[in-house]
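Some notes on the structure that comes next.
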Amino acid sequence: MTQDKWSQDSYIKAYKFAANVHRGQMVPGTDIPYIMHLSFVSMEIIAALNTEQGCNENLAVQCALLHDVVEDTDVTYQQVMDEFGSAVAEGVLALSKDKTLPKPMQLGDSLRRIRQQPPEIWMVKMADRITNLQPPPSYWTKDKIERYQAKAVEILNALGEASNFLASRLREKINTYNSHE
Ligand code: NI
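Per this note's numbering, the very first residue in the sequence shown carries number 234; after that it's consecutive.
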């Protein structure tokens, strides 16, 4: 039976696209190129795909690499659609915050739209937050750290059922996040 196994070629295509459009951007609070974030998110996804069965793996891997191109660069939904097809474009759009909404509503709105997408997109959001729960930038206040942790719990509660593997990894990251000082 044909599986939608991820391929090196589809990974490279999405990685190159992302590296090109995120050029010059850095991981916040560092001088490390932003593409590192995308490498980590896609690595979390590939680790999960070793365990989770029946996934559209190319959809998951490409959305992992492209999840910030609409939110953080000049790339449009239409361009993602033309290059990677509608499933990837819809996924990336759901993973993008609607910046026309008041900030406190943005996460809930995105989670609601992600839940209308296939489970692969839910997995990318969890992989993104797992990656972002590394030690926070030194200039973050305790209050900001706690709010970020609370949002991670919201993500886990909304999306955890899409992948036991990622849900348990996210839970572990949430539980140890406070210990970074
Ligand atoms: Ni991200």
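Just so you know, even glycine gets a beta-carbon here, dropped at the ideal spot from N, CA and C. Keep in mind the model is a prediction, meaning the values are calculated, not measured.
- Please confirm whether LEU298 and SER329 have their CB atoms less than 8 Å apart. A distance of 8 Å or more separates the beta carbons of LEU298 and SER329.
- Query: What is the DSSP secondary structure of PRO266, reduced to helix, strand or coil?
  - Reply: Reduced to three states, the DSSP call for PRO266 is strand.
- Message: Assuming MET356 and ILE278 are in contact, meaning their beta carbons sit under 8 Å apart, how far apart are those beta carbons, in whole angstroms?
- Response: That pair is a contact at about 6 Å.
- Item | Short Cβ contact (8 Å threshold) for VAL302 with ALA251 | The Cβ atoms of VAL302 and ALA251 lie closer than 8 Å to each other.
- Query: For the ligand NI, any of its heavy atoms closer than 7 Å to the Cβ of HIS300?
  - Reply: At least one heavy atom of the ligand NI is nearer than 7 Å to the Cβ of HIS300, so yes.
- Message: Just to confirm the assignment, what range does the alpha helix (DSSP H) spanning LEU403 have?
- Response: For LEU403, the enclosing alpha helix (DSSP H) starts and ends at 397–410.
- Message: Count Cβ pairs between the segment 362–378 and the segment 318–333 that sit closer than 8 Å; are there 3 or more?
- Response: No: the two stretches stay apart, fewer than three of their Cβ pairs being nearer than 8 Å.
- Query: With a CB to CB cut of under 6 Å and the five nearest residues on each side skipped, what residues in its chain are close to GLN350?
  - Reply: Same-chain partners within the cutoff: GLY324, ALA327.
- Task: Tell me whether ALA383 is buried or exposed, calling it buried when 16 or more other Cβ atoms sit within 10 Å of its Cβ.
- Result: Per the 10 Å Cβ criterion, exposed.
- Within the present structure, is the beta-carbon of ASP242 separated from the nearest heavy atom of the ligand ZN by less than 7 Å? The ligand ZN is not part of the structure shown, which contains the ligand NI as its ligands.
- Query: Going by the C-beta, is HIS255 closer than 7 Å to any heavy atom of the ligand NI?
  - Reply: No, the Cβ of HIS255 stays beyond 7 Å of every heavy atom of the ligand NI.
- Item | Local conformation of MET234 per DSSP, three classes | Note that MET234 has pLDDT 39, beneath the 50 cutoff, so the model's placement of it is unreliable and the number below is only indicative. In the structure shown, MET234 sits in coil (DSSP, three-state: anything other than H, G, I, E or B).
- Measure the alpha-carbon distance for ILE378 versus ARG404 and round it to whole angstroms. It is roughly 16 Å from the alpha-carbon of ILE378 to the alpha-carbon of ARG404.
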